[in-house]
Amino acid sequence: MANSASLRFLLARLLALTNGEAVEIEALRGSLRITSETFNALLQQLADDGLVSMQGKMISLGLGQRLDVAMRAVEAGADTEAVSRSLGWLEFEELSAKVFEANGFRVLRRFRFTAEGRRWELDLLAIRAPYLVCGECKHWGKGIGNQTARGIIETHLEKTEVFTRHIEGLRERICICGWSKAVIVPMALTLSATPMEIYRRVPSVSVLALPRFINEFDGQLERLANWKTELQPMKPEKKQTKLKKRVSDSKRARRL
Numbered sequence: 489m490a491n492s493a494s495l496r497f498l499l500a501r502l503l504a505l506t507n508g509e510a511v512e513i514e515a516l517r518g519s520l521r522i523t524s525e526t527f528n529a530l531l532q533q534l535a536d537d538g539l540v541s542m543q544g545k546m547i548s549l550g551l552g553q554r555l556d557v558a559m560r561a562v563e564a565g566a567d568t569e570a571v572s573r574s575l576g577w578l579e580f581e582e583l584s585a586k587v588f589e590a591n592g593f594r595v596l597r598r599f600r601f602t603a604e605g606r607r608w609e610l611d612l613l614a615i616r617a618p619y620l621v622c623g624e625c626k627h628w629g630k631g632i633g634n635q636t637a638r639g640i641i642e643t644h645l646e647k648t649e650v651f652t653r654h655i656e657g658l659r660e661r662i663c664i665c666g667w668s669k670a671v672i673v674p675m676a677l678t679l680s681a682t683p684m685e686i687y688r689r690v691p692s693v694s695v696l697a698l699p700r701f702i703n704e705f706d707g708q709l710e711r712l713a714n715w716k717t718e719l720q721p722m723k724p725e726k727k728q729t730k731l732k733k734r735v736s737d738s739k740r741a742r743r744l
């Protein structure tokens, strides 16, 4: 139990101190109230697991390592708000994307499109036939009961509706030309370990609870906002064939 608590504190401090730069191992050790023996053993364990990089007296974490450490810290019981504050905006989005990818989705980050006279952006577009999950990543930690959080969901719901109305014109960009139907689902994602909440039928899901949510996806759809769309068969491209025919006719004319 003591080692579990020590690991939790060590992971949290790693995130806080290595935000884009290396830190001295002794500085990390000095920021923790654990014995040198425990510190050395835990640090070696993290190095063996590929979660940290050590060079001489310095320790650093790459982006992938920081995301893995964040997940490990929360799983070990670290305060989710503290972990959230240690992660940058793009790191949180990348963490959310990694969870989707680990569960069989292809993910487009920061997907931008133009429709109805303006530009729109989805933080994440997670794709796994027949689902298109439009994800909005937010750092809120006290649920969606406040006006600001609900306003964000209202805006995200509007974006998803616009995306759905223009899905036919976006099929090539998101590589779903072979799909005959799609189910578009809006979702808000948070690092906070709060229970799932629903506002306007849009779920707010902790990234830590996301794997379970994905496994229960089919059973959840009835109570969630979603749009089932029949997609038209894609017509084969004929422009190249016409071009070849024109070139052939031109060569035949020169011979005559």
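For what it's worth, the working numbering labels the leading residue of the sequence shown as 489, then goes sequentially. Idealized CB from N, CA, C, for every residue including glycine.
| Coil, strand or helix - P699 by DSSP | Looking at P699 - three-state DSSP - the assignment turns out to be helix.
| query | How many angstroms separate the CA atom of L610 from the CA atom of S524? | reply | About 46 Å.
| Secondary structure, alpha helix (DSSP H): runs of 4+ residues fully inside the region 507–550 | 513–518, 524–536
| Any idea which residues DSSP pairs L596 with across the strands? | Answer is L613.
| task | Tell me whether G623 sits in a helix, a strand or coil according to DSSP, three-state version. | result | strand
| Three-state secondary structure assigned by DSSP to I655 | helix
| task | Please classify C663: is it buried, with 16 or more other beta-carbons within 10 angstroms of its beta-carbon, or exposed? | result | Exposed, because fewer than 16 other Cβ atoms sit within 10 Å of the Cβ of C663.
| Among A670, H644, L709, L645, nearest to R616 - alpha-carbon criterion | R616 has its Cα closest to that of A670, out of A670, H644, L709, L645.
| said: For L749, report the span of its beta strand (DSSP E) as first-last. | reply: This structure cannot speak to residue 749, because the chain is shown only from 489 to 744.
| said: Can you give me the C-alpha to C-alpha distance between E563 and R501, rounded to a whole angstrom? | reply: 15 Å
| query | What residues in its chain sit with their C-beta under 7 Å from that of S584, if we drop five residues either side in the sequence? | reply | L612, G623, C625, L677, V695
| request: Count the other C-beta atoms from every protein chain shown that fall within 10 angstroms of the C-beta of T652, then say buried if there are 16 or more, exposed otherwise. | output: With 16 or more other Cβ atoms within 10 Å, it is buried.
| query | Looking only at its own chain, which residues have a Cβ that is under 8 Å from the Cβ of W667, when we skip the five neighbours before and after it? | reply | A617, P618, R659, L719
| Once you ignore the five residues that flank W715 on each side, which residues in its own chain have a CB closer than 6 Å to its CB? | Answer for W715: T652, I672, listed in chain order.
| field | N-terminal and C-terminal residue of the beta strand (DSSP E) that E685 is part of | value | 685–687
| query | Does the separation of the CB atoms of I702 and N528 fall below 8 Å? | reply | Taking 8 Å as the cut-off, the Cβ atoms of I702 and N528 do not count as close.
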